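Down below is the structure, laid out as structure tokens.
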Amino acid sequence: MEQSPYRSLVIRLVRNYIIGSVVAVLGVGGAILSGSLSLPRSELLHLQAILLVSLLTMFVAEYFAFRRHIAPIRELFRSERPALSQIEAAYLRAHRLPSLAVARTLGPHLLGLSLPASALALLAIRLGWADLPYYYIGLAAAGAVLVACMHALIEFFLTAQSIRPLLAHLRAVGRRMHGADISLNGRVLVSIQRKFQLSAFLIGTFPVILFSLATQIRLNGWSQELGYDYWRWAGLILVTGVGFSSLGAWLLGRDVQQPIRELYEAMSEVQAGRLQTSASDLYSDEFARLTAGFNGMVEGLRSRERMNAQLLQSYYATLAAALDARDTYTAGHSQRVAEYSAVIGRAAGLSADELDILNKSALLHDIGKIGVRDSVLLKEGKLTDEEFEQIRQHPLLGENILLQVEPREAMAPLLPGVRSHHERYDGGGYPDGLSGEGIPAAGRIIAVADAFDAMTSDRPYRKGMPFAKAFAILEEGGGEQWDPVYVELFVSRMRGR
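Number 109 in my numbering belongs to position 8 of the sequence shown; there are no gaps in the numbering.
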């Protein structure tokens with residue numbers, strides 16, 4: 102693979118490390134040595150030499166840690182055609198680099214810097230190269246912990262910025278080579294709340310603790326009593342500062358986490374198809390723009406959903422109208438059957454989704470008649486047994502037609518009603534001879550609506566019968582040809598109109 106993205110990343114990480122080291126180690130550490138200690142020039146040079154030796158030890162330790170951390174990415178760019186799993190591993194490792202930078206910074210600081218520096222400082226005091234109290238080494242070790250934490254904080258955020266071009270490159274490589282969209286899929290490696298809390302805590306406590314340590318060094322020579330008084334005072338300041346920083350960090354983290362949590366919950370609702378949700382627009386900072394944008398996006402999705410639903414309904418209605426147009430005497434039959442089915446469905450307490458499926462099933466219940474010849478379908482006289490058998494096949498033909506529509510899962514809920522609308526409650530229907538509640542509910546409902554429209558519509562060989570007579574026939578056939586519950590619901594609702 103092309104090496105330039107990898108080289109660019111390494112250059113940026115090394116540059117960031119140098120910046121962090123200069124600011125945190127040389128800047129802060131050098132300021133303490135030169136500004137807090139009143140030492141002869143020779144002793145100050147000895148301490149600066151100890152600091153440089155310790156820094157070299159730290160750099161060597163960090164170099165080996167860095168090579169180990171970046172190894173998966175390095176190996177990826179050495180491969181001519183990497184596997185998808187290799188790209189995914191490098192992508193995940195790149196996301197982990199900010200956290201690894203913290204570990205890489207803290208470990209060598211504490212082990213590679215503090216231990217050698219402490220040992221060399223003890224040796225320098227023992228050999229007379231530095232005239233310092235031994236407890237200064239403890240203070241220096243505490244300062245090293247502070248410096249390490251600040252350096253780690255700087256490294257984390259600089260690394261988080263540096264990896265973004267590489268992440269974009271790896272995603273492009275995944276799409277180009279394997280047609281895969283590589284991402285974390287919502288996986289959280291480091292929460293925003295934790296980042297804010299730790300950052301705010303360090304920023305708030307670092308100056309206070311550093312000032313207390315530097316002051317103790319600067320005021321060397323005080324009496325023991327004054328030293329105790331100082332640390333009682335400094336301890337109170339430290340406890341207050343740490344407590345305030347902790348509280349501020351917690352409040353800041355919560356303030357950021359709450360709108361993010363609400364947006365995530367709203368997105369989960371949208372992902373589940375519940376487009377009536379919206380994010381609460383209660384903020385006056387940048388989250389106000391974010392929630393407004395999210396709500397605008399959801400409103401756009403709702404509009405598109407309404408348009409798609411209208412187009413889909415028009416599609417079903419057009420299919421039904423095209424089928425009914427083959428016979429002027431049955432024009433509007435499918436639409437009327439859908440309306441009558443809806444009367445039964447609402448009376449039966451069906452949900453909105455169930456009513457929608459019932460409506461579409463009723464509109465397409467006779468779609469299989471497309472496969473029946475006009476000479477049979479439009480015949481005015483009595484059908485022969487062979488011709489009637491062709492008519493009896495239309496529920497199966499309708500199911501087979503709908504099975505050809507993609508995506509199949511969109512048509513799957515309609516199949517039971519289309520296939521079973523000519524089944525009889527007593528088991529004498531077709532095509533499967535089902536009976537009772539073994540017949541799908543949609544088929545039982547459409548059977549009542551279909552029979553009622555057939556009886557009340559004009560045909561070439563007869564006039565449509567009055568509603569009252571059709572109601573009587575339905576009630577008489579309830580429990581035999583039709584489901585008695587749906588017959589009763591339909592007749593009572595239609596009579597009450």
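Ideal Cβ positions, reconstructed from N, Cα and C, are used throughout, including at glycine.
Note that the coordinates shown come from a computational prediction; the quantities given were computed from them, not determined experimentally.
Counting only the same chain and skipping the five closest in sequence on each side, list residues whose C-beta sits under 6 Å from that of residue i.
i	result
proline 199	Phe257, Thr260 and Ala261
alanine 511	none
glycine 401	none
proline 532	Pro496 and Leu497
serine 558	Gly565
serine 442	Leu459, Ala463, Ile546, Ile547 and Ala550
What residues are listed by DSSP as bridge partners for residue i?
i	result
glycine 579	Trp583
Using the C-alpha atoms, what's the distance from residue j back to residue i?
i	j	result
arginine 205	arginine 405	50 Å
alanine 301	alanine 513	55 Å
isoleucine 502	alanine 367	39 Å
glutamine 582	threonine 378	45 Å
arginine 509	histidine 196	39 Å
tryptophan 230	leucine 216	19 Å
arginine 272	serine 462	44 Å
asparagine 87	leucine 207	Summary: the structure shown does not reach residue 87, with the chain confined to residues 102 through 598, and so no result is reported for it.
arginine 295	leucine 254	12 Å
tyrosine 365	serine 385	19 Å
alanine 202	leucine 193	14 Å
arginine 169	asparagine 286	26 Å
glycine 624	arginine 520	Residue 624 is absent from the model: the chain starts at 102 and stops at 598.
valine 115	glycine 121	10 Å
glutamate 163	isoleucine 112	15 Å
arginine 175	leucine 153	30 Å
valine 371	arginine 407	15 Å
arginine 596	proline 567	12 Å
glutamine 359	alanine 350	14 Å
valine 444	alanine 573	18 Å
serine 105	arginine 179	12 Å
arginine 227	valine 357	52 Å
alanine 150	alanine 220	13 Å
glycine 305	tyrosine 107	36 Å
glutamine 411	alanine 422	16 Å
alanine 439	glutamine 414	12 Å
serine 369	leucine 383	19 Å
glycine 539	phenylalanine 553	22 Å
Quick test of your reading: residue i and residue j, contact by CB under 8 Å. State the CB separation rounded to the nearest angstrom.
i	j	result
glycine 530	glutamate 524	4 Å
leucine 515	leucine 465	6 Å
leucine 424	aspartate 454	Actually they do not touch by this definition, with Cβ atoms about 25 Å apart.
isoleucine 310	leucine 352	Not a contact, Cβ separation roughly 21 Å.
leucine 110	leucine 290	About 18 Å; that fails the 8 Å criterion.
glutamate 189	isoleucine 264	Actually they are not in contact, since the Cβ atoms of glutamate 189 and isoleucine 264 sit about 15 Å apart, beyond 8 Å.
Within 10 angstroms of its Cβ, does residue i collect 16 or more other Cβ (buried), or is it exposed?
i	result
alanine 571	buried
glycine 499	buried
glutamate 487	exposed
methionine 398	exposed
glycine 354	buried
phenylalanine 388	buried
serine 155	buried
phenylalanine 489	exposed
glycine 344	exposed
serine 186	exposed
arginine 437	buried
serine 346	buried
tyrosine 416	exposed
isoleucine 171	buried
glutamine 298	buried
alanine 218	buried
valine 506	exposed
leucine 348	exposed
leucine 177	buried
lysine 483	exposed
isoleucine 293	exposed
Near residue i, what residues of its chain come up, given a Cβ to Cβ distance below 8 Å and the 5 sequence neighbours on each side ignored?
i	result
phenylalanine 307	Leu247, Cys250 and Met251
alanine 448	Leu590, Phe591, Ser593 and Arg594
leucine 211	Ala245, Val246 and Ala249
valine 473	Gln491, Ile492, Gln494, His495 and Leu498
alanine 418	Gln436 and Leu464
methionine 278	Arg182, Pro183, Leu185 and Ile188
In chain order, what residues of the same chain have a beta carbon less than 7 Å from the beta carbon of residue i, not counting five sequence neighbours either side?
i	result
alanine 380	Glu363, Leu364, Ala367, Thr392, Phe395 and Asn396
leucine 223	Ile238
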